[in-house]
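Notes follow once the structure below has been shown.
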Amino acid sequence: MVFNTYTFLLFFILFYGLYWTVGRRSIEIRNWIILVGSYVFYGWWDWRFLSLIAFSTLVDFWMGIRIQQNEKRTLRRTFLWISIGVNLGLLGFFKYYNFFVDSWAKAWEGLGYSMDPWTLNIILPVGISFYTFQTMSYSIDIYRRNLEPTRNFIAFAAFVSFFPQLVAGPIERASNLLPQILKRIPFSYEQSVQGIRLIVWGMFKKVVIADNLGPMVDSIFSSPEEYGSLTLILGVIYFSVQIYCDFSGYSDIAIGVSKTLGFELMTNFNRPYFSRNIGEFWKKWHISLSTWFRDYLYIPLGGSRVSSLKAIRNILIVFLVSGFWHGANWTFLVWGGLHGLYYVPSFIKKKKDQVKEARESRVKHLYGILSTYFIVLFAWVFFRSDSVRNAIHFFQEMIQLDNLSIQWLRGVPFVLMILLFDLLVRDVRNPFQKNHRFIYRSIFLVQLILIYNYFGERSTFIYFQF
Numbered sequence: 026m027v028f029n030t031y032t033f034l035l036f037f038i039l040f041y042g043l044y045w046t047v048g049r050r051s052i053e054i055r056n057w058i059i060l061v062g063s064y065v066f067y068g069w070w071d072w073r074f075l076s077l078i079a080f081s082t083l084v085d086f087w088m089g090i091r092i093q094q095n096e097k098r099t100l101r102r103t104f105l106w107i108s109i110g111v112n113l114g115l116l117g118f119f120k121y122y123n124f125f126v127d128s129w130a131k132a133w134e135g136l137g138y139s140m141d142p143w144t145l146n147i148i149l150p151v152g153i154s155f156y157t158f159q160t161m162s163y164s165i166d167i168y169r170r171n172l173e174p175t176r177n178f179i180a181f182a183a184f185v186s187f188f189p190q191l192v193a194g195p196i197e198r199a200s201n202l203l204p205q206i207l208k209r210i211p212f213s214y215e216q217s218v219q220g221i222r223l224i225v226w227g228m229f230k231k232v233v234i235a236d237n238l239g240p241m242v243d244s245i246f247s248s249p250e251e252y253g254s255l256t257l258i259l260g261v262i263y264f265s266v267q268i269y270c271d272f273s274g275y276s277d278i279a280i281g282v283s284k285t286l287g288f289e290l291m292t293n294f295n296r297p298y299f300s301r302n303i304g305e306f307w308k309k310w311h312i313s314l315s316t317w318f319r320d321y322l323y324i325p326l327g328g329s330r331v332s333s334l335k336a337i338r339n340i341l342i343v344f345l346v347s348g349f350w351h352g353a354n355w356t357f358l359v360w361g362g363l364h365g366l367y368y369v370p371s372f373i374k375k376k377k378d379q380v381k382e383a384r385e386s387r388v389k390h391l392y393g394i395l396s397t398y399f400i401v402l403f404a405w406v407f408f409r410s411d412s413v414r415n416a417i418h419f420f421q422e423m424i425q426l427d428n429l430s431i432q433w434l435r436g437v438p439f440v441l442m443i444l445l446f447d448l449l450v451r452d453v454r455n456p457f458q459k460n461h462r463f464i465y466r467s468i469f470l471v472q473l474i475l476i477y478n479y480f481g482e483r484s485t486f487i488y489f490q491f
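Throughout the sequence shown, residue numbering follows my numbering, covering 26 to 491 in sequence.
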């Protein structure tokens, strides 16, 4: 089930009514409603995938209890690795099996040996990268004694399958979401209003901006040889805005839907294209994933507490794994590797010299934003391309200077809209709660009108494929 459809609109109206009427009788009834509703939401794509999320839930629920019950370090570690192994095993098989088989076959072909790789027609379960990371963090936190396991299976199953953020995040920690699921939540009119505003804002990003830029991006990236360099540059800029509005739009809708139900999720985006360096960019882009890798991979590797060379190694590992998390393609590894290489100079500079923000001139501030955006654009070409070869071909065509056709400028207003709004908004969690309420309410009304015109069965969210 996709947010930007009439099917979800009907589902949410029915769920919301049932949740705040019948669900108010007890926490247990409410959690049953969340669990059943979430399974209906997830099973709408393919009911067979419900067995995977149910299996992952059962394993991590049981392993969490076993980790907490045992005092012996070896047993605790064994149960932890069972949890991690099951989750990574599911993720690895469904997402990466064919990639590794094909890569192995091509490597042997490069040495002159012909191989017939045995691949499977595997369908990637929607959201598997998100909920497996969410449940793994639960087991790891229990192992670290940062979290007590719950013995309420229905509450835990509701936490794992919580439908607003199930298929594309934010990747919630049990320490934040699970306590909310275990307690009584009173209805709040103000919280529901804030949630509806975020839902509308997220829908606007997705169906008005991202879905209108999408066809232009597809056309430019599918046949770069047909366009001049200026058009190709514009295509990359359009993609940067498309993926930002598509993904942050989903996060806004997820956070907004959760607010209407009384839950508070973590912020996942915070105006990333106004970052002054690549380190700041990753503090503002897909925050739930970047902080997950920081807490569960970077720090366990030693973080920055080790020597500079080892710290750089840790940084590169994290970014390469982060790139591979996005998809089974060498383009994502290159994308992650590039961001790792971008980050290293910033890390070295930070170790040597801390420059206070107050001392930065406006020119230096603007230069930092533009230079960061430029290198992010460069990496987006690999992320969007079907293969590394196609990405290189895209850059080769970009060198061929040519005129810009006027028809491709029709996407510029969509780019300016989102950049202007991000420039004005300071509170991304409540973008319409600031001063100048008349202006914000007018913008809100315009968004409603535009969403009404564009809403429907248009396109799925980009991050559903990850």
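Virtual Cβ for every residue (Gly too), placed ideally from N, Cα, C.
Between K231 and N29, the C-beta gap is smaller than 7 Å, which places the two residues in contact. Three or more Cβ pairs drawn from the stretch 199–218 and the stretch 284–292 lie within less than 8 Å of each other, which places the two stretches in contact. Judged by their CB atoms, G328 and G348 are not nearer to each other than the 7 Å cut-off. Distance from the CA of G274 to the CA of V266, rounded to the nearest whole angstrom, comes to 11 Å. Taking the Cα positions, F399 is about 25 Å away from V233. For H418, the uninterrupted alpha helix (DSSP H) run begins and ends at V413 to I424, by DSSP.
A residue is called buried when at least 16 other Cβ atoms come within 10 angstroms of its Cβ; G114 does not meet this threshold and is exposed. For secondary structure counted as the alpha helix (DSSP H) over 4 or more consecutive residues, the stretch 284–357 holds these complete runs in sequence order: 303–307, 312–318 and 333–351.
For Q421, the closest of K309, F80, E251 and D447 by C-alpha to C-alpha distance is E251. For the set W350, R301, Q425 and F446, the Cα lying nearest the Cα of K389 is the one of R301. Residue state for I210 is assigned as coil, using DSSP reduced to three classes. Of the residues assessed, V47 falls on the exposed side of the cut-off, its CB having fewer than 16 other CB atoms within 10 angstroms. If you check the CB distance, N339 and I312 do not come in under 7 Å. The residue from Y122, Q159 and I92 with its alpha-carbon nearest to that of S81 is Q159. In the three-state scheme derived from DSSP, where H, G and I count as helix and E and B as strand, Y252 is classed as coil. Three or more beta-carbon pairs drawn from the stretch 192–208 and the stretch 308–322 are found closer than 8 Å, and the two stretches are therefore classed as touching. L77 and P150 do touch by the CB rule: their CB atoms are close to 6 Å apart, below 8 Å. With contacts defined by Cβ atoms closer than 7 Å, S162 and G89 do not form a contacting pair.
Following the DSSP letters along the chain, one finds I78 inside the alpha helix (DSSP H) bounded by residues L75 to Q94.
Non-local C-beta neighbours of S254 in its own chain, meaning closer than 8 Å and more than five positions away in sequence, comprise E422, M423, I424, Q425, L426 and D427, ordered along the chain.
Ranked by how close their Cα comes to the Cα of R55, the residues Y41, G68 and Y67 have Y41 in first place.
With contacts defined as CB atoms closer than 7 Å, Y367 and I303 qualify as a contacting pair. Burial is judged here by how many other beta carbons sit within 10 angstroms of a residue's own beta carbon; S410 has at least 16 and is buried. For V346, the CB contacts under 8 Å within the same chain, skipping 5 residues up- and downstream, are F318, L322 and G361 in chain order. Separation of R169 and V242 (C-alpha to C-alpha, rounded to the nearest whole angstrom) is 45 Å. Going by C-alpha positions, I221 is about 13 Å away from F288. In the structure shown, the three-state DSSP call for E215 is helix.
Between M291 and the set P438, K308 and I394, the nearest pair of CA atoms involves K308.
A straight line joining the alpha-carbon of R296 with that of D447 spans about 6 Å. For G152, the CB contacts under 6 Å within the same chain, skipping 5 residues up- and downstream, are L191 and V192 in chain order. If you draw a straight line from the Cα of Y263 to the Cα of W433, it is about 10 Å long. R387 and L449 have their alpha carbons spaced roughly 17 Å apart.
Residue state for P240 is assigned as helix, using DSSP reduced to three classes.
The alpha-carbon separation between I179 and F229 amounts to approximately 34 Å. Following the DSSP letters along the chain, one finds F66 inside the alpha helix (DSSP H) bounded by residues I52 to G68.
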